[in-house]
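To start, the structure under review is shown below, and the notes come after it.
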Amino acid sequence: MSALSRMPAAPADLLVTGAHVLDPRTDLDRRIDVLVRGGEIAELGEGLAAPEGVETVDAGGTHLLPAFVDPHVHLRVPGQEHKEDIETGTRAAAAGGFCAIIGMPNTAPPIDSASVLRSVADLAGVHARVPVGFLAAATVGQRGQSLTEMAELRDAGALGFTDDGLPIASANMLRRALQYQKLCGGVVALHEEDPTLSGEGVMHEGAVSALLGLAGIPSISESTMIARDAAIAAYEDGRIHIQHLSAEASVEAVAAAKAAGVRLTAEVTPHHLTLTEEDVRGLDTAMKFNPPARAESDRLALLEALRDGTIDCLGTDHAPHAPHEKEVPFEEALMGTTGLETAFAALNTFLIEPGVLPLGLVVERLTAGGALFGLPVPRIAVGEPANLALVALDRVWRPVEAGYESRSENSCFHERELRGRVLMTVAAGAVAYRERTFALSAA
Amino acid sequence: MMHLLSIEPLTRDEIERILDRADSFAEVSGREIKKVPALRGRTVVNLFYESSTRTSSSFDLAAKRLSADVVSVRSAGSAVDKGESLKDTIQTLSAYDPAAIVIRSPHVGAAELVTRWTPAAVVNAGDGKHEHPTQALLDVYTLRHKLGSLEGRSIWIVGDVAHSRVARSNILAFRKLGAEVTVCGPPTLLPRGIEALGCKVAYNLDDGLAGADVVYALRMQRERMTEAFVPSLREYAERYQIDGRRLQPRQILMHPGPVNRGVELAPEVIDSPQAAIAAQVQAGVVVRMAVLYELLAHDPEPASGQADLSQRLTPQPA
Chain B
325 MSALSRMPAA PADLLVTGAH VLDPRTDLDR RIDVLVRGGE IAELGEGLAA PEGVETVDAG
385 GTHLLPAFVD PHVHLRVPGQ EHKEDIETGT RAAAAGGFCA IIGMPNTAPP IDSASVLRSV
445 ADLAGVHARV PVGFLAAATV GQRGQSLTEM AELRDAGALG FTDDGLPIAS ANMLRRALQY
505 QKLCGGVVAL HEEDPTLSGE GVMHEGAVSA LLGLAGIPSI SESTMIARDA AIAAYEDGRI
565 HIQHLSAEAS VEAVAAAKAA GVRLTAEVTP HHLTLTEEDV RGLDTAMKFN PPARAESDRL
625 ALLEALRDGT IDCLGTDHAP HAPHEKEVPF EEALMGTTGL ETAFAALNTF LIEPGVLPLG
685 LVVERLTAGG ALFGLPVPRI AVGEPANLAL VALDRVWRPV EAGYESRSEN SCFHERELRG
745 RVLMTVAAGA VAYRERTFAL SAA
Chain F
9 MMHLLSIEPL TRDEIERILD RADSFAEVSG REIKKVPALR GRTVVNLFYE SSTRTSSSFD
69 LAAKRLSADV VSVRSAGSAV DKGESLKDTI QTLSAYDPAA IVIRSPHVGA AELVTRWTPA
129 AVVNAGDGKH EHPTQALLDV YTLRHKLGSL EGRSIWIVGD VAHSRVARSN ILAFRKLGAE
189 VTVCGPPTLL PRGIEALGCK VAYNLDDGLA GADVVYALRM QRERMTEAFV PSLREYAERY
249 QIDGRRLQPR QILMHPGPVN RGVELAPEVI DSPQAAIAAQ VQAGVVVRMA VLYELLAHDP
309 EPASGQADLS QRLTPQPA
């Protein structure tokens, strides 16, 4: 079966005129018209006319980008549909400009067998607004005791394996998974955390945790596990992906492993690039996620690593939770922030506009995550499937006022004023999202 | 001041205003009838999610001496036991229209959360390992009486700082009133980054305890040993216990209670003239009266119509 599932959707026939088209991979960075026929990019050029029956979208100088791919999304199906389901989660993805996402297996029950994987893929085939692929659990029940049936899971479409939400605490268990990887393939994605160092921690260990009296999660909890797992991957020639990097020491561990030729890639979230322990001072439970927002020096190291390619891609770690799971004391609150709908706007507001990162680099990293798991990279070129995000960089909005497509509202940017709004998303050749107030003119 | 959630945002003036008011209530506590009508007809809810003797009883007494109606709710035997969320409990209790909710919780920030769910004034009676502001206020009240002023004084806080809300509030309060603060304990029990609160860090009592004006010992909980924070209570006591040899005659000894005799304090110092432990407990009532008064009495209920302080301080006919 195909690795990606989505609901049936009509191929788009669109002419986007007047957009500033930017795709770092095809060296596009200028005002040009884009014609989509039957879901494929049919023509790029100036002054294109809409053929009969093709809708014209007047972009009015807004930006047309290759749509994003999120390698790290919690869709909460099966078992936690009060937080999110396939429809709401993929609607959120489409609203955020994503044309494909990868779902994590830490559900209830976990996606640790081919039958569970097939059932969620079947649901996605009916409800998903954008194509969805899944990672399967690396160990049965994510308990770290025995390997899942990795080969059968791969045959059933698993893009890779992860116990995300939890580390693979046993070094030997990771070694076994990487040995088995030689048989079946599939990247092993790792949530790096030493549980003996994290303990009961609920935020970054540092000056703010000392002030608040909250148990801290030290940065070495992450970095020592990365160093350990890189050594195991080197020994087994395994392919690993490090999820949601948070610390400067972790960046150093990834850089050292890459320099040594270890086959590993790394990901960072928009919230770790924009927030620090200072944002936790007010004990807003929307700021509680794992790994935690760390010190400013960590944030700066993550930015530099994203810039120089030590970190390969952006992923949101979209982690929806219901109000009653967050409207509790900080220590009791579940960890996680939503991210799909705010990812681009947060990056644009806090990093691109202030000149910290160039737009082209952010677009490159926002579209790179899927390829690490074998998915095609969205590109704006003739003959490619249309995966497009139309974005107004200067549009100001606040999530708390705009509301969410996601079922959950636990966004760490909930109250912030953001700039940059996705107006339309075309995913795998079909229109997946249009902003409600976006005016269209018929051909 | 709307609420008392932590020492952190308070100014020196605000702290001193509360201490001055506590002085005026000390006079009331010396009377035969220890009651003033300041909060007559108003309700104070004491909500305690953790066991407590002195904090809960002194809040109870403080509210009663101000003539408030007091409702005490403890987690054991209440709806909390049945899994009711903090939010639902607060909204339920708020339906009784209390003027103030005093809350003790094992969770950091619980008091601040409560302010979102009730129109009542909220007093933090201890939130996890974060803060215990009324303890800090009664401690500075006690010290002001013993020393006159804290300005330039050296205060050593000794013991398990990592797990102590008292330590956090007191470091902040002592610093705001001009004292120099040193925290001393085993490195495993001093949180990384604690210097950010404006204190110095020492690992050995020999590194300057003798020069301190005040020795503030913290409670050392027995669980800390099983959690591998210290190898044994014996070694802890050996290195960090305040005993007759370490405590100087001119020093003031304080402890938030309850004391582990023979662990953080040797028996001889508990009963020594330097010990201010009983004075701390006495201060607890008048300081908490001052806090409740500060939060509630300046905003008189329209019905009572008696805003005048002197009138409110008039003894109530029995």
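Chains as they are written, first to last, in our numbering: chain B, 325 to 767; chain F, 9 to 326. A virtual CB, placed ideally from N, CA and C, is assigned to each residue, including glycine.
- Exposure of Ile41 of chain F is indicated by the presence of fewer than 16 other C-beta atoms within 10 angstroms of its C-beta.
- Just so you know, the alpha carbons of Gly540 of chain B and Arg227 of chain F end up roughly 22 Å apart.
- When secondary structure is reduced to three states using DSSP, Tyr559 of chain B falls in the helix class.
- Neighbours of Lys90 of chain F in chain B, taken as residues at a C-beta separation under 8 Å, are lacking, since the least C-beta distance is about 16 Å.
- Closer than 7 Å at the C-beta level to chain B, one finds no residue of the stretch 66-88 of chain F.
- When beta bridges are read from the DSSP output, Ile109 of chain F appears opposite F:Val53, F:Val130.
- Here Thr609 of chain B is not near Ala643 of chain B, since their CB atoms are 8 Å or more apart.
- With contacts defined by Cβ atoms closer than 8 Å, Ala416 of chain B and Ser730 of chain B form a contacting pair.
- Only those residues of the stretch 525-542 of chain B whose C-beta falls short of 9 Å from the nearest C-beta of chain F are listed: Val526, Glu529, Gly530, Ala531, Val532, Ser533, Ala534, Leu535, Leu536, Gly537, Leu538, Ala539, Gly540, Pro542.
- In the DSSP assignment, Tyr244 of chain F falls within the unbroken alpha helix (DSSP H) covering 241-248.
- At least one CB of chain B lies nearer than 8 Å to the CB of Ser113 of chain F.
- Residues of chain F whose Cβ lies closer than 8 Å to the Cβ of Phe654 of chain B are, in chain order, His115, Val116, Gly117.
- With contacts defined by Cβ atoms closer than 8 Å, Ala383 of chain B and Gly413 of chain B do not form a contacting pair.
- Remark: C-beta atoms of Arg39 of chain F and Ala76 of chain F do not approach each other more closely than 8 Å.
- No Cβ of chain F is located within less than 8 Å of the beta carbon of Leu658 of chain B.
- Scanning its chain for C-beta atoms nearer than 6 Å, with the 5 sequence neighbours on each side dropped, one finds around His738 of chain B the residues Ala610, Pro723, Val724, in chain order.
- Looking at the DSSP output, His642 of chain B bridges to B:Val397.
- When the beta-carbon positions are compared, Asp636 of chain B and Ser570 of chain B stay at least 8 Å from each other.
- Contact annotation for Ala204 of chain F against chain B: Gly530, Ala531, Val532, Ala534, Leu535 [CB-CB distance below 9 Å, chain order].
- Residue nearest to Leu121 of chain F within the set F:Leu101, F:Glu159, F:Gly91, F:Leu13 is F:Leu13 (criterion: CA-CA distance).
- Cys423 of chain B carries a strand assignment under DSSP once its states are collapsed to helix, strand and coil.
- For Ala119 of chain F, the enclosing alpha helix (DSSP H) covers residues 118-122.
- Looking at the backbone, the Cα of Leu521 of chain B and that of His515 of chain B are separated by about 14 Å.
- The straight-line gap separating the alpha-carbon atoms of His115 of chain F and Ala419 of chain B is approximately 36 Å.
- Close to Glu651 of chain B, with beta-carbon spacing below 7 Å, are these residues of chain F in chain order: Lys95.
- The bridge partners DSSP lists for Lys208 of chain F are F:Thr190.
- Taking C-beta atoms under 8 Å as the contact rule, His138 of chain F and Arg112 of chain F fail to qualify, at a distance of about 12 Å.
- Ile41 of chain F carries a coil assignment under DSSP once its states are collapsed to helix, strand and coil.
- Counting only residues of its own chain and dropping the five nearest sequence neighbours on each side, Tyr149 of chain F has a CB closer than 6 Å to the CB of Leu27, Ala30, Ala291, Val295.
- For Leu521 of chain B, none of the residues of chain F pass the 9 Å Cβ criterion, the least Cβ distance being about 12 Å.
- For chain F, none of the residues of the stretch 726-750 of chain B brings a beta carbon within less than 8 Å of one of its beta carbons.
- Ala581 of chain B places its beta carbon less than 8 Å from that of Leu588 of chain B.
- For secondary structure counted as the alpha helix (DSSP H) over 4 or more consecutive residues, the stretch 610-655 of chain B holds these complete runs in sequence order: 620-632, 647-650.
- A straight-line Cα-Cα distance of about 7 Å links Gln249 of chain F and Ala274 of chain F.
- If you draw a straight line from the Cα of Leu447 of chain B to the Cα of Ile15 of chain F, it comes to about 53 Å.
- Separation of Arg258 of chain F and Asn212 of chain F (C-alpha to C-alpha, rounded to the nearest whole angstrom) is 21 Å.
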